[in-house]
Structures are given as C-alpha cells and as structure tokens.
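Enquirer: Can you read through this structure? Questions will come right after.
There are 4 protein chains.
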Amino acid sequence: VPEVLAGTEETTTGVIRLRAMEKDGALRFPIVAVNDADTKHMFDNRYGTGQSTLDGVIRATNVLLAGSRIVVAGYGYCGKGVASRARGMGAQVYVTEINPLRALEAVMDGFRVLTMEEAAREGDIFITVTGNRDVLRKEHFAAMKDGAILANSGHFDIEIDLQALAEMTGGERQREVRPFVQEYLVPEGAGGKRVLVIAEGRLVNLGAAEGHPAAVMDMSFANQALSAEWVVRNGSSLEPKVYNVPAEIDREIARLKLDTMNVEIDRLTPAQEEYLSSWTVGT
Amino acid sequence: VPEVLAGTEETTTGVIRLRAMEKDGALRFPIVAVNDADTKHMFDNRYGTGQSTLDGVIRATNVLLAGSRIVVAGYGYCGKGVASRARGMGAQVYVTEINPLRALEAVMDGFRVLTMEEAAREGDIFITVTGNRDVLRKEHFAAMKDGAILANSGHFDIEIDLQALAEMTGGERQREVRPFVQEYLVPEGAGGKRVLVIAEGRLVNLGAAEGHPAAVMDMSFANQALSAEWVVRNGSSLEPKVYNVPAEIDREIARLKLDTMNVEIDRLTPAQEEYLSSWTVGT
Amino acid sequence: VPEVLAGTEETTTGVIRLRAMEKDGALRFPIVAVNDADTKHMFDNRYGTGQSTLDGVIRATNVLLAGSRIVVAGYGYCGKGVASRARGMGAQVYVTEINPLRALEAVMDGFRVLTMEEAAREGDIFITVTGNRDVLRKEHFAAMKDGAILANSGHFDIEIDLQALAEMTGGERQREVRPFVQEYLVPEGAGGKRVLVIAEGRLVNLGAAEGHPAAVMDMSFANQALSAEWVVRNGSSLEPKVYNVPAEIDREIARLKLDTMNVEIDRLTPAQEEYLSSWTVGT
Amino acid sequence: VPEVLAGTEETTTGVIRLRAMEKDGALRFPIVAVNDADTKHMFDNRYGTGQSTLDGVIRATNVLLAGSRIVVAGYGYCGKGVASRARGMGAQVYVTEINPLRALEAVMDGFRVLTMEEAAREGDIFITVTGNRDVLRKEHFAAMKDGAILANSGHFDIEIDLQALAEMTGGERQREVRPFVQEYLVPEGAGGKRVLVIAEGRLVNLGAAEGHPAAVMDMSFANQALSAEWVVRNGSSLEPKVYNVPAEIDREIARLKLDTMNVEIDRLTPAQEEYLSSWTVGT
Chain A
49 VPEVLAGTEE TTTGVIRLRA MEKDGALRFP IVAVNDADTK HMFDNRYGTG QSTLDGVIRA
109 TNVLLAGSRI VVAGYGYCGK GVASRARGMG AQVYVTEINP LRALEAVMDG FRVLTMEEAA
169 REGDIFITVT GNRDVLRKEH FAAMKDGAIL ANSGHFDIEI DLQALAEMTG GERQREVRPF
229 VQEYLVPEGA GGKRVLVIAE GRLVNLGAAE GHPAAVMDMS FANQALSAEW VVRNGSSLEP
289 KVYNVPAEID REIARLKLDT MNVEIDRLTP AQEEYLSSWT VGT
Chain B
49 VPEVLAGTEE TTTGVIRLRA MEKDGALRFP IVAVNDADTK HMFDNRYGTG QSTLDGVIRA
109 TNVLLAGSRI VVAGYGYCGK GVASRARGMG AQVYVTEINP LRALEAVMDG FRVLTMEEAA
169 REGDIFITVT GNRDVLRKEH FAAMKDGAIL ANSGHFDIEI DLQALAEMTG GERQREVRPF
229 VQEYLVPEGA GGKRVLVIAE GRLVNLGAAE GHPAAVMDMS FANQALSAEW VVRNGSSLEP
289 KVYNVPAEID REIARLKLDT MNVEIDRLTP AQEEYLSSWT VGT
Chain C
49 VPEVLAGTEE TTTGVIRLRA MEKDGALRFP IVAVNDADTK HMFDNRYGTG QSTLDGVIRA
109 TNVLLAGSRI VVAGYGYCGK GVASRARGMG AQVYVTEINP LRALEAVMDG FRVLTMEEAA
169 REGDIFITVT GNRDVLRKEH FAAMKDGAIL ANSGHFDIEI DLQALAEMTG GERQREVRPF
229 VQEYLVPEGA GGKRVLVIAE GRLVNLGAAE GHPAAVMDMS FANQALSAEW VVRNGSSLEP
289 KVYNVPAEID REIARLKLDT MNVEIDRLTP AQEEYLSSWT VGT
Chain D
49 VPEVLAGTEE TTTGVIRLRA MEKDGALRFP IVAVNDADTK HMFDNRYGTG QSTLDGVIRA
109 TNVLLAGSRI VVAGYGYCGK GVASRARGMG AQVYVTEINP LRALEAVMDG FRVLTMEEAA
169 REGDIFITVT GNRDVLRKEH FAAMKDGAIL ANSGHFDIEI DLQALAEMTG GERQREVRPF
229 VQEYLVPEGA GGKRVLVIAE GRLVNLGAAE GHPAAVMDMS FANQALSAEW VVRNGSSLEP
289 KVYNVPAEID REIARLKLDT MNVEIDRLTP AQEEYLSSWT VGT
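Protein chains in written order, with our numbering: chain A, 49 to 331; chain B, 49 to 331; chain C, 49 to 331; chain D, 49 to 331.
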C-alpha cells in the first residue's frame with residue numbers, strides 16, 4: 049500500500065472534519081481545502097445546490113412549488129442557494145439558523161426567520177442544508193402537517209432523524225408512494241399524519257436527480273486538478289495541515305470560466321491601479 | 049493638541065487606504081476596521097446602500113426604474129445591494145467589474161456582465177460603486193445615449209470624471225434641471241447629447257436623499273462604539289496596525305439586532321455541538 | 049355654463065362609481081373609462097403605483113424596507129405593483145384580499161395571504177390599495193405593534209379609519225414626528241403604542257412623494273388625449289354610458305411607447321397570420 | 049355513434065380554434081372554454097407551465113440555468129410563467145413578442161425584449177410558448193450559437209420548424225445525445241454548429257417531464273367537471289357557440305382552493321359592501 053502524501057477535499061463537511069483532525073493532531077498529511085476556494089463554494093454550493101436540490105424535490109414528488117411553504121434549515125452558501133431558488137419558483141420561504149449573523153442576513157434578504165419548532169407547524173416542504181445532525185427530529189415531526197415533505201441536501205443521511213421518525217410509526221408503517229419517496233404513517237396516537245421522506249434522507253440532488261450541472265462542477269474540478277498540481281510542486285514544503293487553494297488558482301479559474309461564457313470584463317487603467325494602492329488622494 | 053492613540057474606520061475606502069498606509073509604514077496608531085465587521089459591511093453596504101442609492105436617484109429625477117436599463121459599476125457589497133434592488137424595482141441590470149470572481153458571481157446572479165465600453169451605449173442610468181476613480185470617463189460619455197443619468201454611490205466625487213465631461217461641453221453648457229440634477233450639454237461635434245449628473249457626482253444617497261436608514265446604521269454604530277471600548281481596554285498592547293473587529297463583538301451585535309426585531313433562532317443541542325467538533329462519525 | 053357633453057375618467061375608483069351611476073340611471077353623458085385601457089391600468093396602476101408608493105413611504109420615514117414586514121391590503125393592479133416592489137426591496141410581504149381569485153394569485157406569487165386581523169399583529173408597515181373604506185380600523189389598530197407605519201395608496205383618505213384611531217388616542221395625543229408623518233399615541237389602557245400615519249392617510253405617493261414618473265403617465269395621458277379625440281369624432285352616436293377605450297387606441301399607444309424606448313418586436317409572417325385564423329391544421 | 053351534444057375545451061390553442069370555427073359557422077355544438085376561466089389559465093398556464101417547462105429542460109439536459117441566457121418566445125400567461133421562473137432560477141431572460149402590449153409588459157417586468165433575429169445570436173436556451181408555427185425557423189437556426197438548446201412549451205410540434213432544421217443538416221446528421229435530446233449537426237457550410245432539440249419539439253413538460261403538478265391541475269379539472277355539469281343543466285338553451293365558464297363557478301373554485309390550502313381571507317363589512325356600490329361619497 050503506497051503512503052498517502054497529500055489530499056484535496058471537495059466538501060464543506062469534509063473540510064470541517066479535516067480542520068477538527070488538524071486541531072486534534074490527527075491529520076497525517078497536507079490537505080488542500082478545495083471546497084473553500086471562492087470559485088468552488090460560491091458557485092457549486094450556491095447555484096449548483098440551489099438548482100439540483102429543487103430538481104430532486106420536483107422529480108421525486110412533482111409538487112407545485114409556487115404557493116408552497118418551504119422551510120430551509122441552514123443559510124450557508126448551500127442554504128442561500130436553495131432559499132433563493134425556492135423563492136424564484138414562487139414559494140414562501142422560511143429559514144432556520146443557529147448563527148445570528150446568517151439569520152440576520154436571511155431576514156434582510158426578505159425571508160421569514162424562525163425556530164424549527166415554529167416552522168414545523170407551517171411548512172409544506174422541509175430542506176435541510178446544515179452539515180449537522182438531527183435538524184429535523186421527533187418534536188418537529190410531531191408538529192408537522194399531514195403530507196409534509198422532507199429532503200436533505202446538506203450531508204450524509206443524519207440531518208433528518210429518520211430513526212426517530214421510524215419509531216413514531218411503530219417501525220412498520222412505511223411504503224414507497226413514488227420512486228424515491230417513502231411515506232411514513234404516524235399513527236393517530238402520535239399525531240396522525242403522513243410524512244414523506246425523499247431519497248431516504250440522503251442528498252436529494254444525488255438521490256433523486258442528477259447532481260450538479262456540469263457548468264458548476266467544471267470550476268470545482270478545475271480547483272481539484274490545479275490544487276493537485278500545486279501539491280505536487282510544493283509537497284516537500286507542506287506540513288500536515290489544511291491549506292487553502294492559492295488565490296492565483298482561484299482567480300485564474302474565474303477568468304477562464306468567464307472566457308468560456310464569452311463574458312468580457314473591464315481592466316484597470318494605469319491611473320486606477322495607482323489610485324488603488326495610494327492613500328494620499330481624496331476629499 | 050492631544051496625541052491620537054487609536055481610531056476606528058467606517059468605510060471600505062478608508063480601510064483600503066489605512067491598509068496601504070500600514071504597508072507603507074505610514075500608519076502611526078492602531079485602527080479598528082469597523083467596515084470589515086460582518087455586521088457592518090454585509091448590511092450597511094448592501095441593504096443600506098442598495099435602498100438609499102435608488103432613493104437618491106428617484107428623488108433627484110423621479111425616473112421610472114421599471115423597464116429602464118441600469119448599469120452598476122462594481123459588484124462588491126455595495127454593488128450587489130444596488131444591483132439587487134434595481135432588479136427588484138423592475139430594471140434590466142447590467143454589471144461591470146474588473147475582478148473575474150465578482151464578475152462571475154454577477155453572471156450567475158442573472159445579471160448581464162459586460163465592459164463599460166459596451167454598457168455605455170445601452171444604459172439609461174449609470175451608478176458607480178467601485179471605490180476607484182474615472183470609472184465613467186470621456187470615451188464612455190461619448191458613447192452614451194441622449195439623456196443618460198449618472199450617479200455615484202461609491203466614494204468621493206471622482207468615480208465619474210466630471211472634468212472630462214465638463215471639457216466635452218466646452219465648460220459652459222451646464223444647467224440645473226431639477227434640484228441636485230446638473231445637465232451637461234455635449235455639443236453636436238462631440239456626440240450631441242444631454243448627460244444628467246446627480247449630486248455633482250458625490251455620494252447620491254447623501255447628496256440627494258437622507259443616507260442610510262437607521263435600521264442599518266444601528267449595527268454600524270454599535271460596531272463603532274464596541275470597537276472604541278475594545279481599543280480602550282486593549283490599547284496598551286496594540287501596535288500601529290489595522291485590526292479587525294473581534295468576532296465576539298460582531299456576533300453579539302447580530303444577536304442583539306435579531307432581538308430588537310423579535311426574531312428567535314435555533315440553538316444547537318448538545319449532541320449537535322459535539323457532532324460539529326467531531327470527525328469520527330459519518331457515512 | 050356650457051353643457052357637459054362627454055368625459056373621460058382616469059382612476060379605478062372613478063370608473064367603479066361611474067358604472068354605479070350608469071346602473072342607477074344617474075349618468076347624464078358618455079364617459080370613456082381611460083383607467084380600463086390596458087396601456088393605462090396595467091402600467092400606471094402597477095409600475096407607477098408600485099414605485100411611487102414605496103418612494104412616498106421612504107421619503108416620509110426613511111425606514112429600511114429590507115427585512116421589514118409589509119402588509120399590502122388589496123391585490124388588484126395597484127396592490128400587485130406595491131407587493132412586487134416591496135419584495136424587490138427585500139421586505140417580507142403579506143397580502144390581504146376579499147376576492148378569492150386575487151388571493152389565490154397572491155399565494156401563487158409567493159406572498160403570505162391572511163386576514164387583516166392576523167396581519168395587524170405582524171406587520172411593520174401597512175399599505176392600503178383597495179378602493180374601499182375602513183380597511184384598517186379600530187380592531188386592527190388595537191392589535192398592531194408599537195411603531196406600526198400606515199400609508200394609503202388606494203383612494204381618498206378613508207381606507208384607514210383615522211377617526212377611529214384619533215378616538216383611541218383620546219383625540220389629542222398626536223404630533224408630527226417628521227414631515228408628513230403623524231404619530232398617534234394610543235394610551236396604555238387601549239394598547240399602549242405609537243402608530244405612525246403618513247400623509248394623513250391620503251395618497252402617499254402624492255402626499256409624500258412626487259406621484260408617478262412621467263414614463264408611465266405618458267401612456268395614461270395619451271389615452272386621455274386620444275379618447276377625447278375619439279369622443280369628439282363619435283360623440284353624436286354615444287349614449288350616457290361608460291365606454292371602453294377602443295382597442296386600436298390602446299394598441300397604438302403600446303406600439304408608440306415601444307418606439308420611444310427603441311424596443312423592436314417581431315411581426316407575424318404571412319404563414320403565421322394564416323395559421324392563427326385557421327382551425328384545420330394540428331396534431 | 050352517439051351524437052355529441054356539447055364539449056369543454058382545456059387549452060388556449062383549442063379555444064382559439066373553436067372560436068375560429070364558430071366564426072366560420074363550422075361549430076356544431078356548444079363548447080365551454082374552460083381554458084379561459086381565471087382559475088384555469090391564470091394558474092395552470094402560468095404557474096404550471098412555468099415550473100414544468102423548466103423541469104423538462106433540466107431533466108433532459110441538466111444544464112445550469114443560473115447565468116444562462118434564456119429566450120422566451122411569447123409573453124402570454126404561459127410565457128409569463130416561464131420567464132418568471134427562468135429569472136427565479138438565475139437566468140438572464142430575453143422575451144420576444146408580436147403583440148406591442150405584451151412586449152411592453154415584458155419590458156416593464158424587467159426583461160429584455162427584442163426580435164428573434166437578434167435573440168437568436170445571444171440565447172443559450174430557446175423556449176417557444178406562442179401557439180403559433182415557425183417561431184424558430186431557418187434564419188434563426190443559422191444565427192444561433194453552437195450548442196443552442198431548443199424546447200417548445202406552447203402547442204403541437206410546429207413552433208420550432210424542425211423540417212427546416214433537418215434540411216440544414218442534410219437530413220442525416222442527427223443523434224440522440226441524452227434521452228429526449230436530439231442533436232442536429234449543422235455542417236460548416238451552413239454555419240457549423242450543434243443544435244439540441246428537446247422532446248422532438250413537442251411539449252417539453254409532457255415529453256421530458258411529468259406535466260403540470262396536481263396542485264394546478266386540480267383547478268383546471270374542477271372547471272372541467274363543473275362546466276360539464278353546467279352544460280348538462282343548461283344544455284337545451286345553448287347554441288353552437290363558445291361559452292365562458294360562468295363567473296360563479298370560477299369564483300367558487302378559487303374559494304375552495306384557498307380552503308384546501310388553509311388560507312383565510314377577509315370579508316367585506318356591510319359598510320364596505322354598501323360603499324362599493326355607492327357613488328355619492330368621496331373627496
């Protein structure tokens with residue numbers, strides 16, 4: 049077995065864990081946090097996840113988003129993408145957060161921000177994009193309306209506590225009502241309702257759709273490829289830490305992407321370049 | 049005259065210059081970059097500038113934004129705010145940028161991104177929010193349509209090269225057509241058109257409206273006040289550098305602001321807190 | 049005093065009343081319902097009222113719309129315009145209606161539709177655009193939050209029942225807190241709050257701003273002028289009824305307006321024209 | 049074979065043809081124009097077509113809509129729905145029209161309106177929703193970019209002139225590149241490009257997706273059922289004409305739909321009802 053010399057990491061969840069490993073002294077080799085490149089997370093996580101998540105929900109359920117109440121748990125880049133697209137499809141969008149700053153941003157972006165306890169009573173569709181576990185759990189299932197639809201577009205299959213949901217149903221009362229849609233029948237004693245879970249609570253855009261479009265994955269993979277090259281060139285000097293994608297790579301990918309879209313942008317004039325680095329002019 | 053012991057800086061432009069001073073060894077005392085606090089620039093610059101800039105344009109001109117073509121120069125937080133609100137008012141929005149990453153973000157946000165050379169021919173209203181000089185200059189004025197409206201919401205009065213515009217008019221052919229609106233008559237030989245400049249090319253939200261609403265300035269000023277307190281408490285250990293607002297202050301301001309808006313958010317359960325710092329669970 | 053021979057009517061409210069007069073046999077001369085021309089109400093009422101209403105609210109209060117909760121009473125063309133622009137400025141928008149069809153349209157457009165009784169407790173800003181009276185009344189004032197802002201952009205000054213509000217304050221506790229903003233102090237016994245009324249409950253876009261932009265009034269006035277000409281030409285054959293603006297006038301105004309905006313559109317090919325009137329081709 | 053006594057018609061295209069038949073004296077029995085009920089065309093055509101059309105395009109191609117240039121041909125209810133949703137997904141939307149009024153509405157809604165001749169050069173994705181033939185034809189294919197995607201969501205399979213496209217390719221150079229996506233290779237001599245056609249130019253939401261969600265079809269089918277009942281009850285008095293769905297049916301369906309969504313709306317007070325029918329009060 050060859051020794052691992054270095055790695056690159058594509059996902060937010062992966063980077064969080066690798067940083068935790070670094071902090072615990074458990075990281076054995078250098079890693080490039082590809083996810084944290086601007087040309088990755090600002091595009092893949094936002095525009096990619098935004099579109100493909102709704103695509104997964106629609107393919108699985110063919111529900112009308114216009115007029116529906118969609119609860120988005122988490123307002124990071126993925127959550128921003130999902131919330132923005134859900135509104136763009138005519139939904140009323142509710143956002144839950146645990147971070148005050150992001151919560152405030154969601155408010156100012158025109159979304160209704162509230163606790164999941166409250167949102168659970170109102171939502172028609174719930175989409176978790178948090179990177180955490182048990183975002184939807186027993187007390188929320190208990191409060192939901194009949195026919196609530198649950199999907200996860202964050203990570204793994206633990207954002208929705210399906211074990212708790214299964215227990216509420218007595219463990220047996222489940223059936224597939226459409227491909228990728230599991231119906232949980234919560235008996236009368238525990239609230240009496242149907243709860244619909246898409247793609248077993250796994251990533252809905254991969255489970256019920258085709259994942260992100262090529263037009264965002266190209267930038268993510270360009271980061272992967274160029275980061276791998278960078279690691280090879282600089283490997284000997286790297287320590288077992290999480291490294292950022294170098295800014296030059298990030299910027300170059302953006303430039304190349306614009307080229308492929310035939311978008312031309314402005315260049316600084318010499319006078320503008322000089323002005324930006326000066327501090328002696330002004331009113 | 050008492051010695052200056054420390055300072056805080058409110059604006060993007062100011063922080064850029066102070067960092068340039070630090071780099072040149074010209075900074076004599078510590079500065080807290082209040083502008084760079086999330087609770088400042090993500091709100092004041094985006095939602096504040098977004099609303100107050102259009103407010104200034106409308107008060108000065110009473111032009112209908114729906115159906116108009118608005119060119120926004122710069123897609124930083126201020127530019128994002130202006131572009132988003134302009135679209136929200138029904139305008140077709142064009143964005144110019146010099147940074148590929150921001151340009152790409154503008155494209156993905158659904159805006160048409162192009163050079164100012166091209167935009168100059170199409171726009172009805174031009175708004176500069178760049179922090180640089182000469183963003184609108186002679187060749188652009190030459191290409192503009194009759195009746196083009198120019199406003200600056202970036203910094204100072206140099207984003208629009210008014211000297212060049214005055215020279216094109218022969219220096220005399222100007223008149224105030226409405227309060228805060230100066231009409232420049234470019235003679236036939238130089239293109240033959242009227243160009244309307246709001247508030248002498250100074251900040252349009254201050255020059256032609258009332259500046260930002262209190263509901264964003266409260267956070268900016270909270271950063272000022274708490275940063276000043278922090279400087280007093282930590283002054284003896286600070287060097288003549290540009291400091292960031294401490295993250296605890298930033299987060300506390302967000303929390304307090306949500307409180308005043310009666311917005312309640314979720315808290316992590318103990319299991320969630322543990323999960324976020326772990327790296328041993330997962331599929 | 050010369051006899052009135054015919055008239056034209058600009059407003060929704062006016063047309064409703066003239067039709068009521070016609071129904072009651074009280075109409076003495078022919079009227080052209082200029083308001084009902086598509087090039088009038090679809091533009092003036094929607095894009096004009098949308099922009100100028102928010103302009104009035106912002107000028108009077110300088111309140112931040114982003115993140116605020118705006119209740120729009122009425123979802124006709126004026127209400128659609130106000131709701132759409134309020135959302136475009138970052139507000140959470142609530143809509144009240146008495147017509148199920150319009151209510152459903154508002155829901156599908158992504159707005160939260162509810163009764164005023166419920167909305168009164170949640171709103172920060174209330175805008176009436178109904179054409180009816182007492183839309184905001186005693187029970188609503190009683191439920192409102194401290195600092196609620198009330199504006200009318202519908203008709204007259206009776207959409208907000210200011211008499212009831214004055215009675216709740218004991219008739220004396222009022223003061224102008226900013227130009228065009230009257231603060232009513234509801235004493236502790238009656239709820240204990242401040243309620244802010246803009247422009248005395250009269251049309252906020254006329255009372256606190258400049259009314260509609262010229263770029264929509266041009267179409268309204270073109271309808272007036274061409275309808276007046278049409279009345280003169282056809283006067284002898286007209287009865288004391290409410291007449292619609294002839295479709296040719298309406299369409300010609302749209303065509304002319306596009307011309308002034310340099311917007312070119314497609315023309316039907318002969319094959320397409322033939323196809324549209326046929327019923328023999330198809331799968 | 050039993051005699052047909054009456055019918056109901058679901059689609060815009062169908063109603064246009066039936067009215068043409070009535071005009072030509074070719075209609076043999078009464079028809080109810082279900083399509084023209086407000087609770088049908090304002091919802092099914094707009095929100096249903098809006099969502100399901102993009103659903104079809106995404107399923108067939110998995111293309112990223114954010115940042116793409118989508119040309120929508122036709123700005124009736126279907127076109128409004130498609131354009132609105134395309135913008136909501138982050139696309140730059142261009143609209144073509146042959147009707148000046150609708151073109152103007154599209155402009156004021158913030159879309160770029162232009163001729164198809166011009167749009168053909170700029171678009172990435174073209175969606176026809178006109179109800180007419182040859183909307184995309186030879187001269188447009190010739191001007192398109194390599195990789196242009198074509199879809200029809202209007203009627204039949206004649207909005208895109210596929211015969212002309214096939215002739216440009218020499219009739220042979222076609223292949224299925226994904227399910228429901230046919231690639232036409234236009235040889236170098238005729239422009240040298242690939243043109244991708246979804247679902248053979250037939251309705252993309254039926255051909256490549258699942259059609260409209262149940263939550264809009266419910267209203268359309270309610271109109272069908274209640275119109276059929278109405279025809280049975282009134283059949284003897286009906287002539288061979290196209291009849292509108294009675295307003296009471298339309299309104300009742302809206303009321304019932306709101307009920308199923310748990311949306312409660314306001315009712316007129318007696319004073320308000322009286323006011324609406326009066327013409328004696330006012331300022």
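All residues carry an ideal CB built from backbone N, CA and C; glycine is no exception.
Please list the partners that B/Met164 has in chain D, where partner means a Cβ-to-Cβ separation under 7 Å.
Expert: In the second sequence, residue 164 of chain B corresponds to position 116, counting from 1. The contacting residues do not exist; B/Met164 stays about 18 Å from chain D at best.
Enquirer: Can you tell me where the beta strand (DSSP E) holding C/Ala81 begins and where it ends?
Expert: Start at 1 with the first residue of the third sequence, and residue 81 of chain C comes out as number 33. Per DSSP, C/Ala81 belongs to the beta strand (DSSP E) from 79-81.
Enquirer: Please name the residue, chosen from C/Leu324, C/His260, C/His203, that lies closest to D/Tyr323 on a Cα-to-Cα basis.
Expert: Here residue 323 of chain D corresponds to residue number 275 of the fourth sequence, with the count starting at 1. Comparing Cα-Cα distances from D/Tyr323 to each of C/Leu324, C/His260, C/His203, the minimum goes to C/His203.
Enquirer: Tell me, to the nearest whole angstrom, how far the beta carbon of D/Ile118 is from that of D/Ile175; I am working on the premise that it is less than 8 Å.
Expert: To locate residue 118 of chain D, count along the fourth sequence from 1; it is residue 70. To locate residue 175 of chain D, count along the fourth sequence from 1; it is residue 127. Correct: roughly 7 Å between the Cβ atoms.
Enquirer: Could you spell out the range, first to last residue, of the alpha helix (DSSP H) harbouring A/Phe269?
Expert: Residue numbering aside, residue 269 of chain A sits at position 221 when the first sequence is read from its first letter. Here the alpha helix (DSSP H) through A/Phe269 covers 262-282.
Enquirer: Taking the CB atoms as reference points, tell me whether A/Val264 and A/Asp92 lie closer together than 7 Å.
Expert: The residue labelled residue 264 of chain A in the question sits at position 216 within the first sequence. The residue labelled residue 92 of chain A in the question sits at position 44 within the first sequence. Yes. Within cutoff.
Enquirer: From A/Thr87 to D/Gly138, what does the alpha carbon distance come to, in whole angstroms?
Expert: Taking the first residue of the first sequence as 1, we reach residue 87 of chain A at position 39. Taking the first residue of the fourth sequence as 1, we reach residue 138 of chain D at position 90. Approximately 17 Å between the Cα atoms of the pair.
Enquirer: Hey, out of D/Ala168, D/Met216, D/Thr178, whose CA is closest to D/Gly129's CA?
Expert: Here residue 129 of chain D is taken as the residue at index 81 of the fourth sequence, counted from 1. Closest by alpha carbon: D/Thr178.
Enquirer: Whose CA, out of A/Arg250, A/Asp84, A/Ala191, A/Arg67, lies closest to the CA of A/Gly239?
Expert: Looking up residue 239 of chain A in the first sequence gives position 191. Checked all of A/Arg250, A/Asp84, A/Ala191, A/Arg67; the closest Cα to A/Gly239 is A/Ala191.
Enquirer: Evaluate A/Gln140 with the Cβ neighbour count: other Cβ atoms within 10 Å of its Cβ, from every protein chain shown; 16 or more gives buried, anything less gives exposed.
Expert: As a first step, residue 140 of chain A must be located in the first sequence, where it is residue number 92. Buried, because 16 or more other Cβ atoms sit within 10 Å of the Cβ of A/Gln140.
Enquirer: Rounded to the nearest angstrom, how far is the Cβ of A/Glu231 from that of A/Leu213, given a contact under 8 Å?
Expert: The residue labelled residue 231 of chain A in the question sits at position 183 within the first sequence. The residue labelled residue 213 of chain A in the question sits at position 165 within the first sequence. The pair is not a contact, with the Cβ atoms about 11 Å apart (cut-off 8 Å).
Enquirer: Taking A/Gln99 as the query, report the chain C residues whose CB atoms sit under 8 Å from its CB, ordered along the chain.
Expert: Translated into the one-based positions of the first sequence, residue 99 of chain A becomes position 51. By Cβ distance, chain C contributes nothing, its closest Cβ being about 18 Å from A/Gln99, past 8 Å.
Enquirer: Does DSSP put A/Tyr291 in a helix, a strand or coil?
Expert: Against the first sequence, residue 291 of chain A aligns to sequence position 243. In this structure, A/Tyr291 counts as strand in the three-state DSSP scheme.
Enquirer: Can you find the residues in the same chain that come closer than 7 Å, C-beta to C-beta, to D/Arg135, ignoring five residues on each side of it along the sequence?
Expert: For the purposes of this step, residue 135 of chain D is taken as the residue at position 87 of the fourth sequence. Closer than 7 Å at the Cβ level, and outside the excluded window around D/Arg135, lie Val141.
Enquirer: What separation, rounded to the nearest whole angstrom, lies between the Cα atoms of A/Ile301 and D/Leu113?
Expert: Counting from 1 along the first sequence, the entry for residue 301 of chain A is found at position 253. Counting from 1 along the fourth sequence, the entry for residue 113 of chain D is found at position 65. Taking the straight line joining both Cα atoms gives about 20 Å.
Enquirer: In its own chain, which residues sit with a C-beta less than 6 Å from the C-beta of B/Gly249, not counting the 5 before and 5 after it?
Expert: Working through the second sequence from its first residue, we reach residue 249 of chain B at position 201. The answer, listed in chain order, is Asn200, Asp205, Ile208, Leu210.
Enquirer: Please report whether the beta-carbon of D/Pro261 lies at a distance below 7 Å from any beta-carbon of chain A.
Expert: What you label residue 261 of chain D is simply residue 213 of the fourth sequence in a count that begins at 1. Judged by the 7 Å Cβ criterion, D/Pro261 is in contact with chain A.
Enquirer: Roughly how many whole angstroms lie between the Cα atoms of D/Leu251 and C/Ile297?
Expert: As a first step, residue 251 of chain D is located in the fourth sequence; it is residue number 203 there, counting from the start. As a first step, residue 297 of chain C is located in the third sequence; it is residue number 249 there, counting from the start. Approximately 35 Å, taken between the alpha carbons.
Enquirer: Looking only at C-alpha atoms, which of D/Glu58, D/Val143, D/Pro288, D/Ile173 sits nearest to D/Val105?
Expert: As a working note, residue 105 of chain D is residue 57 in the fourth sequence. Nearest C-alpha to D/Val105: D/Ile173.
Enquirer: To which residues does DSSP link B/Arg160 through a beta bridge?
Expert: Locating residue 160 of chain B in the second sequence gives position 112, where the first residue counts as 1. In the DSSP output, where bridge partners are listed per residue, B/Arg160 has B/Tyr142.
Enquirer: Closest to C/Arg185 by CA distance: which of D/Ser325, D/Leu53, D/Leu316 is it?
Expert: In the third sequence, counting from the first residue as 1, residue 185 of chain C sits at position 137. Considering only alpha carbons, the answer is D/Leu316.
Enquirer: Which same chain residues end up closer than 6 Å to D/His188 when comparing Cβ atoms and leaving out the 5 residues on each side of it in sequence?
Expert: Numbered from 1 along the fourth sequence, position 140 holds the residue referred to as residue 188 of chain D. Met164, Ala168.
Enquirer: Quick check: is the beta carbon of A/Ala12 nearer than 7 Å to any beta carbon in chain B?
Expert: Shown here, chain A extends from 49 to 331; a query on residue 12 of chain A therefore has no answer.
Enquirer: Expressed to the nearest angstrom, what Euclidean distance is found between the alpha-carbon atoms of A/Asn83 and C/Leu306?
Expert: Along the first sequence, read from residue 1 onward, the residue named residue 83 of chain A stands at position 35. Along the third sequence, read from residue 1 onward, the residue named residue 306 of chain C stands at position 258. Looking at the two C-alpha atoms, the distance is approximately 47 Å.
Enquirer: Does the CB of C/Thr144 have a neighbour CB from chain D at under 7 Å?
Expert: Indexing the third sequence from 1 puts residue 144 of chain C at position 96. Answer yes: the Cβ-Cβ gap between C/Thr144 and chain D drops below 7 Å somewhere.
Enquirer: Interface residues of chain A around D/Arg135 at Cβ under 8 Å?
Expert: To locate residue 135 of chain D, count along the fourth sequence from 1; it is residue 87. Simply Gly136.
Enquirer: From B/Arg221 to D/Pro148, what does the alpha carbon distance come to, in whole angstroms?
Expert: Residue numbering aside, residue 221 of chain B sits at position 173 when the second sequence is read from its first letter. Residue numbering aside, residue 148 of chain D sits at position 100 when the fourth sequence is read from its first letter. Whole-angstrom Cα-Cα distance: 38 Å.
Enquirer: Is it buried or exposed, D/Thr144, if we count other Cβ atoms within 10 angstroms and call 16 or more buried?
Expert: Residue 144 of chain D sits at position 96 when you count from the first residue of the fourth sequence. With 16 or more other Cβ atoms within 10 Å, it is buried.
Enquirer: Which same chain residues end up closer than 6 Å to C/Arg223 when comparing Cβ atoms and leaving out the 5 residues on each side of it in sequence?
Expert: As a working mapping, residue 223 of chain C is identified with position 175 in the third sequence. Here the set comprises Glu231.
Enquirer: Return the first residue and the last residue of the beta strand (DSSP E) that A/Arg223 is part of.
Expert: Taking the first residue of the first sequence as 1, we reach residue 223 of chain A at position 175. Residues 222-226.
Enquirer: Would you grab the beta carbon distance between B/Ile246 and B/Val111 for me? Rounded to a whole angstrom, and I think it's under 8 Å.
Expert: Within the second sequence, the letter at position 198 stands for residue 246 of chain B. Within the second sequence, the letter at position 63 stands for residue 111 of chain B. No, B/Ile246 and B/Val111 are not in contact; Cβ-Cβ is about 10 Å, not under 8 Å.
Enquirer: To the nearest angstrom, how far is it from the Cα of C/Ser275 to the Cα of C/Thr56?
Expert: In the third sequence, counting from the first residue as 1, residue 275 of chain C sits at position 227. In the third sequence, counting from the first residue as 1, residue 56 of chain C sits at position 8. Rounded to whole angstroms, C/Ser275 to C/Thr56 spans 7 Å at the Cα level.
Enquirer: On the DSSP bridge assignment, give the partners of D/Leu244 in chain order.
Expert: Here residue 244 of chain D corresponds to residue number 196 of the fourth sequence, with the count starting at 1. Answer by DSSP bridge pairing, in chain order: D/Ile197, D/Glu231.
Enquirer: Taking only three categories from DSSP, how would you classify B/Ala114?
Expert: Indexing the second sequence from 1 puts residue 114 of chain B at position 66. Note: B/Ala114 maps to coil in three-state DSSP.
Enquirer: Counting only Cβ pairs nearer than 7 Å, list the residues of chain B close to C/Leu112.
Expert: Reading the third sequence from its first residue, position 64 is the one you call residue 112 of chain C. The answer, in chain order, is Tyr95, Gln99, Pro261, Ala263, Val264.
Enquirer: Please list, in chain order, all residues of the same chain as D/Arg76 whose beta carbon is under 6 Å from its beta carbon, the five residues on each side excluded.
Expert: Within the fourth sequence, the letter at position 28 stands for residue 76 of chain D. Answer for D/Arg76: Pro288, listed in chain order.
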